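The listed protein sequences derive, respectively, from chains A and B.
Okay, so the first sequence: first residue is 435 according to the working numbering, each after it adds one.
Okay, so the second sequence: first residue is 5 according to the working numbering, each after it adds one.
To start, the structure under review is shown below, and the notes come after it.
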Amino acid sequence: DQQVKQNSPSLSVQEGRISILNCDYTNSMFDYFLWYKKYPAEGPTFLISISSIKDKNEDGRFTVFLNKSAKHLSLHIVPSQPGDSAVYFCAASVGGFNKFYFGSGTKLNVKP
Amino acid sequence: KAGVTQTPRYLIKTRGQQVTLSCSPISGHRSVSWYQQTPGQGLQFLFEYFSETQRNKGNFPGRFSGRQFSNSRSEMNVSTLELGDSALYLCASSVAPTNEKLFFGSGTQLSVL
Numbered sequence: 435d436q437q438v439k440q441n442s443p444s445l446s447v448q449e450g451r452i453s454i455l456n457c458d459y460t461n462s463m464f465d466y467f468l469w470y471k472k473y474p475a476e477g478p479t480f481l482i483s484i485s486s487i488k489d490k491n492e493d494g495r496f497t498v499f500l501n502k503s504a505k506h507l508s509l510h511i512v513p514s515q516p517g518d519s520a521v522y523f524c525a526a527s528v529g530g531f532n533k534f535y536f537g538s539g540t541k542l543n544v545k546p
Numbered sequence: 005k006a007g008v009t010q011t012p013r014y015l016i017k018t019r020g021q022q023v024t025l026s027c028s029p030i031s032g033h034r035s036v037s038w039y040q041q042t043p044g045q046g047l048q049f050l051f052e053y054f055s056e057t058q059r060n061k062g063n064f065p066g067r068f069s070g071r072q073f074s075n076s077r078s079e080m081n082v083s084t085l086e087l088g089d090s091a092l093y094l095c096a097s098s099v100a101p102t103n104e105k106l107f108f109g110s111g112t113q114l115s116v117l
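Right, here's the structure in full:
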């Protein structure tokens with residue numbers, strides 16, 4: 435049973451515009467969320483995280499929004515750059531444990 | 005600071021064989037987790053070790069096992085390989101086992117023929 439879902443397998447955005455990647459989850463016990471970026475032939479790299487006590491967290495061009503009532507998470511990248519082209523995974527965990535449930539990923543293509 | 009190192013990078017085995025994958029975490033990191041990634045799927049949690057003890061285990065059959073050594077290095081073993089075990093196996097380390105961002109290695113690509 436997929437507890438974390440990324441329903442858009444791919445997203446294409448023009449350079450300089452906003453990229454919005456979405457993630458839905460079913461387990462209301464999830465209390466810690468992360469986004470990772472993955473380039474081909476490399477392991478995922480950490481982007482940004484958010485705890486369930488917050489509804490927004492920013493780090494430079496990256497902002498993560500959490501809507502607990504909707505069980506929805508989104509990552510905003512502004513402005514998008516060609517180097518942002520990669521697969522993005524959201525992940526969630528419960529109770530402070532490092533057992534993370536990952537979505538299936540969204541492939542972002544930023545066109546120059 | 006060296007990153008997470010996984011060896012080997014690629015591996016080809018046949019059904020029924022067993023395989024051992026190795027992971028060296030970032031220096032000072034004591035928690036090591038293993039994930040399986042198959043095409044079109046997200047990462048599936050296998051297990052996590054901290055201070056040589058398995059703290060969490062995912063929903064995988066007993067053919068999948070692991071261990072952690074006193075220097076935090078970890079190995080995972082898959083016995084009686086099946087075609088469906090073909091996947092990218094990723095190791096991740098973190099300083100502590102709670103609410104920590106994970107640092108991933110580049111993975112071991114296992115192909116079972």
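Glycine included, C-beta positions come from ideal geometry on N, C-alpha and C.
In this text, all values refer to a predicted model and were calculated from it rather than measured experimentally.
Residues of chain B with a Cβ closer than 7 Å to the Cβ of K533(A) are, in chain order, F49, E52 and N60. Close partners of S486(A) in chain B (Cβ separation under 9 Å) are lacking, with about 11 Å as the shortest Cβ gap.
Residue state for G517(A) is assigned as helix, using DSSP reduced to three classes. By the rule that beta-carbons nearer than 8 Å mark a contact, A475(A) touches chain B. For L507(A), the enclosing beta strand (DSSP E) stretches over residues H506 to I511.
The count of Cβ pairs closer than 8 Å, one atom from the region 34-50 of chain B and one from the region 101-112 of chain B, reaches three, so the stretches are in contact. Taking C-alpha positions only, T11(B) is separated from H510(A) by approximately 35 Å. Within chain A, the C-beta atoms nearer than 8 Å to that of E104(B) come from N532, in chain order. Taking 8 Å as the cut-off, the beta carbon of F499(A) is found closer than this to the beta carbon of D489(A). For P29(B), the closest Cβ of chain A is not nearer than 8 Å. In this structure the region 438-455 of chain A touches the region 523-542 of chain A; the number of beta carbon pairs closer than 8 Å is three or more.
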